[in-house]
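Under full-length UniProt numbering, the first residue of the sequence shown is numbered 1, with each subsequent residue one higher.
What follows is a short report on a single structure.
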Amino acid sequence: MTKPAAFAAAVVLLLAPTGCEQAQHLSSPPPPAFAGPPNEVSGVQIPAGRVEEAVAKIDGLVGDLMKTSGIPGMAVAVVHAGKTLYAKGFGVRDATKGGGQANAVDADTVFQLASVSKSVGTTVIAHEVTEKAVSWDTPVASQLPWFALNDPYVTGHVTIADLYSHHSGLPDHAGDQLEDLGYDRRQTLERLKYLPLRPFRASYAYTNFGVTAAAEAVAAAAHRSWEDLSDEVLYRPLGMSSTSSRFSEFIARPDHAVNHVKVGDGWQPRYQRDPDAQSPAGGVSSSVNDMARWLTTLLGNGTFDGRTISSPEALLPATTAQVVSTPATTPTARSGFYGYGFNVSVTSSGRTEYSHSGAFALGAATNFVVMPSQDVAIIALTNAAPIGVPETLTAEFMDLVQYGQVREDWATAYKNAFASMSAPEGALVGKRPPADPVPPKPFNDYQGVYANDYWGPAVVSTRGGALQLTMGPKGQTFPLTHWDGDTFTFALMDENAPPGTTSTATFAGNTLRLEYFDSDKLGTFTR
Numbered sequence: 001m002t003k004p005a006a007f008a009a010a011v012v013l014l015l016a017p018t019g020c021e022q023a024q025h026l027s028s029p030p031p032p033a034f035a036g037p038p039n040e041v042s043g044v045q046i047p048a049g050r051v052e053e054a055v056a057k058i059d060g061l062v063g064d065l066m067k068t069s070g071i072p073g074m075a076v077a078v079v080h081a082g083k084t085l086y087a088k089g090f091g092v093r094d095a096t097k098g099g100g101q102a103n104a105v106d107a108d109t110v111f112q113l114a115s116v117s118k119s120v121g122t123t124v125i126a127h128e129v130t131e132k133a134v135s136w137d138t139p140v141a142s143q144l145p146w147f148a149l150n151d152p153y154v155t156g157h158v159t160i161a162d163l164y165s166h167h168s169g170l171p172d173h174a175g176d177q178l179e180d181l182g183y184d185r186r187q188t189l190e191r192l193k194y195l196p197l198r199p200f201r202a203s204y205a206y207t208n209f210g211v212t213a214a215a216e217a218v219a220a221a222a223h224r225s226w227e228d229l230s231d232e233v234l235y236r237p238l239g240m241s242s243t244s245s246r247f248s249e250f251i252a253r254p255d256h257a258v259n260h261v262k263v264g265d266g267w268q269p270r271y272q273r274d275p276d277a278q279s280p281a282g283g284v285s286s287s288v289n290d291m292a293r294w295l296t297t298l299l300g301n302g303t304f305d306g307r308t309i310s311s312p313e314a315l316l317p318a319t320t321a322q323v324v325s326t327p328a329t330t331p332t333a334r335s336g337f338y339g340y341g342f343n344v345s346v347t348s349s350g351r352t353e354y355s356h357s358g359a360f361a362l363g364a365a366t367n368f369v370v371m372p373s374q375d376v377a378i379i380a381l382t383n384a385a386p387i388g389v390p391e392t393l394t395a396e397f398m399d400l401v402q403y404g405q406v407r408e409d410w411a412t413a414y415k416n417a418f419a420s421m422s423a424p425e426g427a428l429v430g431k432r433p434p435a436d437p438v439p440p441k442p443f444n445d446y447q448g449v450y451a452n453d454y455w456g457p458a459v460v461s462t463r464g465g466a467l468q469l470t471m472g473p474k475g476q477t478f479p480l481t482h483w484d485g486d487t488f489t490f491a492l493m494d495e496n497a498p499p500g501t502t503s504t505a506t507f508a509g510n511t512l513r514l515e516y517f518d519s520d521k522l523g524t525f526t527r
């Protein structure tokens, strides 16, 4: 039986008289179970006091997660009905400095937000939309005349909304590897024009530098830098005194959390991520006390403590579904959606949530979830590489709010989902070199400058009797190890290359193909 037919049959059964009952007894429909428009009604009613009951269990949830994961530090805040119900820190800011009070995480400890920055930046834009400096449909090129993509039509028509909903046709994570090589914001954005595009507004592909381009257009319209604009229209008005869009200000704060990566069975602070090149997409730093003010503003439809940051009309498109980001894989599954800088979903209880995660492979993981129907939101910030800890906590909390119990094994689900993020990349990963490889040509035959419009020059030279590859404006160097014939390998470890990643470097006459840089078929360099 089809779903429409089943629905019709159910209606007939409910309305049909039975026994000696007369039809007029059913002429007046029963009152609705819940008040509100049908598309705002949930099938699960939440009793008063449920949010407070869930908050009372956070300490235990965090304790369990930190014990099983071993992460160094976490901070959590919950807001409800215009108030901060909970704001607390756990663990330490730096795993190498002991457990004293001076190293403890508290509600004012500053963490890097990573991609939660997109949602924060969206509220900056909503303010500018409210002030009519721009609209969501403003073409980016109208404010950035130098901005271009691979297709002239797309260049002229792609809007702030297109880029904030990852709907422009740019390939997934376009430009991120340029940032890893040391290119700055303007240099990276100017190179996007070399990337092949998917059909315009026909697919979803997550991009940090697409968002960054849109934010730069908004800043240009306001005649400010993005960093100054964010401070002027959002951070200062909300009293977010520990929040910044500049890495230099984050690292200068004495109470900032140091990033950690997993090393063996523990966590160590080996890297510090500088995300200034993509600050609108990943460069905000903040505390949970500050972020509680921002979450309260979201739940207040753009207003905090009587101060209007954004009109409800400017904010609503951002926090509601604009594109399908995760299509359903079965007829019974729910799809996932994206607004402008926010993930949007419907829970198993039929309630709308909007949220976002942030993840730096070099040592930070964050997540927030907002449930407007219950006027509640939670945020979790950590100083450890992403393994699903903040997502697990927020999901468990929202289960407690909706059902009074944790109904799913969120820890296992998120652990498995994030495991692929740490898997090394490369066709030769896990393979042994040939036992009897074909010898390489004399190294002089390989040396030279190999040009590429998108990546810039790749310089092959010798040092200490071995070949090396140098790329990027900062001269990042990769030793080349012979594999077989004209094929060499080199190792990478950066934000987008998990530990163990290995790329081939294959020479063919005057060309050099670098496997790791060829995901968009732009990895061939010419001498």
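For every residue, glycine included, the Cβ atom is placed at its ideal position computed from N, Cα and C.
Endpoints, alpha helix (DSSP H) assigned at residue 323: In the DSSP assignment, residue 323 falls outside any alpha helix (DSSP H) and lies within the beta strand (DSSP E) extending over 323-326.
Close-in-space but distant-in-sequence residues of the same chain around residue 184 (CB under 6 angstroms, 5 per side omitted): Within the same chain, and ignoring the five residues on either side of residue 184 in sequence, the residues whose Cβ sits closer than 6 angstroms to its Cβ are 277.
Minimum Cβ-Cβ distance from residue 130 to chain C less than 7 angstroms: The chain inventory of the structure shown lacks chain C, comprising one protein chain alone.
Same chain only: Cβ atoms within 7 angstroms of residue 295, ignoring 5 sequence neighbours per side: So the list reads 79, 368, 370, 377, 379, once near-sequence residues are dropped.
Cβ shell of residue 63 (< 8 angstroms), same chain only, five flanking positions each side left out: Cβ within range, chain order: 90.
Cut-off 8 angstroms between Cβ atoms - residues of its own chain near residue 400, not counting five sequence neighbours on either side: If we look at residue 400 and ignore the five residues flanking it on each side, its Cβ neighbours are 50, 53, 54, 57, 406.
Inter-stretch contact at 8 angstroms, needing at least 3 Cβ pairs: the stretch 135-146 / the stretch 282-297: Between the stretch 135-146 and the stretch 282-297 there are fewer than three C-beta pairs closer than 8 angstroms, too few to call the two in contact.
Pairwise C-alpha distance: residue 186 and residue 355: Residue 355 and residue 186 have their C-alpha atoms roughly 29 angstroms apart.
Cβ neighbour criterion (16 or more within 10 Å) applied to residue 20: Reliability of the predicted coordinates at residue 20 is poor, the pLDDT of 33 falling under 50, and no value is obtained from them.
Three-state secondary structure (DSSP) of residue 226: Three-state DSSP puts residue 226 in a helix.
Local conformation of residue 346 per DSSP, three classes: Taken through DSSP and simplified to helix, strand or coil, residue 346 comes out as strand.
Own chain, CB closer than 7 angstroms to residue 206, minus 5 neighbours either side, in chain order: The residues are 166, 172, 173.
Where residue 410 sits in the DSSP three-state scheme: Of the three classes helix, strand and coil, the one that applies to residue 410 here is helix, per DSSP.
Contact check, residue 533 vs residue 118, beta carbons under 7 angstroms: Beyond the ends of the chain as shown, which are 1 and 527, falls residue 533; an answer cannot be given.
Residue 127 versus residue 307 - alpha carbon distance: The straight-line gap from Cα to Cα measures roughly 12 angstroms.
Best match in 219, 162, 178 for proximity to residue 203 [C-alpha to C-alpha]: Of 219, 162, 178, the residue nearest in Cα terms is 162.
DSSP beta-bridge partners of residue 131: None; residue 131 has no bridge partner.
Segment contact, 8 angstroms Cβ cut-off, at least three pairs: the stretch 386-404 with the stretch 415-423: They touch, by the three-pair rule.
Three-state secondary structure (DSSP) of residue 525: In the structure shown, residue 525 sits in a strand (DSSP, three-state: E or B).
Pairwise C-alpha distance: residue 244 and residue 250: Straight-line Cα distance between these residues: approximately 7 angstroms.
Residue 92 in three-state terms, based on DSSP: Here residue 92 sits in strand by DSSP.
Backbone CA spacing between residue 481 and residue 188 [nearest angstrom]: Between the C-alpha atoms of residue 481 and residue 188 there is a straight-line separation of about 29 angstroms.
Boundaries of the beta strand (DSSP E) in which residue 497 is found, first to last residue: First-last of the beta strand (DSSP E) with residue 497: 497-508.
Which of helix, strand or coil DSSP assigns to residue 530: With the chain running from 1 to 527 in the structure shown, residue 530 is simply not present.
Uninterrupted alpha helix (DSSP H) stretches inside the stretch 265-317 (no shorter than 4 residues): Those alpha helix (DSSP H) runs which fall completely within the stretch 265-317 and span 4+ residues are 279-282, 288-299.
With 16 other Cβ atoms within 10 Å as the buried cut-off, status of residue 464: Taking all protein chains in view, the Cβ of residue 464 is surrounded by fewer than 16 other Cβ atoms within 10 Å, so the residue is classified as exposed.
Among 516, 352, 72, the one whose alpha carbon lies nearest that of residue 492: Considering only alpha carbons, the answer is 516.
Minimum C-alpha distance to residue 526 - residue among 459, 519, 496: Measuring from the Cα of residue 526, the nearest candidate turns out to be 459.
7 angstroms Cβ shell around residue 96 - same chain, five flanking residues per side excluded: Within the same chain, residue 96 has close Cβ partners 269.
Any 3 or more C-beta pairs closer than 8 angstroms across the stretch 65-79 and the stretch 105-124: Contact holds: three or more Cβ-Cβ distances are below 8 angstroms.
Proximity winner among 489, 451, 402, relative to residue 372 (alpha-carbon distances): The shortest C-alpha separation from residue 372 is found at 402.
Simplified DSSP state of residue 403, which is helix, strand or coil: Note: residue 403 maps to helix in three-state DSSP.
Residue interval of the alpha helix (DSSP H) (run including residue 66): Start and end: 58-69.
Start-to-end residues for the alpha helix (DSSP H) that takes in residue 251: For residue 251, the enclosing alpha helix (DSSP H) starts and ends at 247-252.
Coarse secondary structure for residue 352, derived from DSSP in three states: Three-state DSSP puts residue 352 in a strand.
Whole-angstrom distance between residue 194 and residue 200, CA atom to CA atom: Linking residue 200 to residue 194 through their CA atoms gives a straight-line distance of about 16 angstroms.
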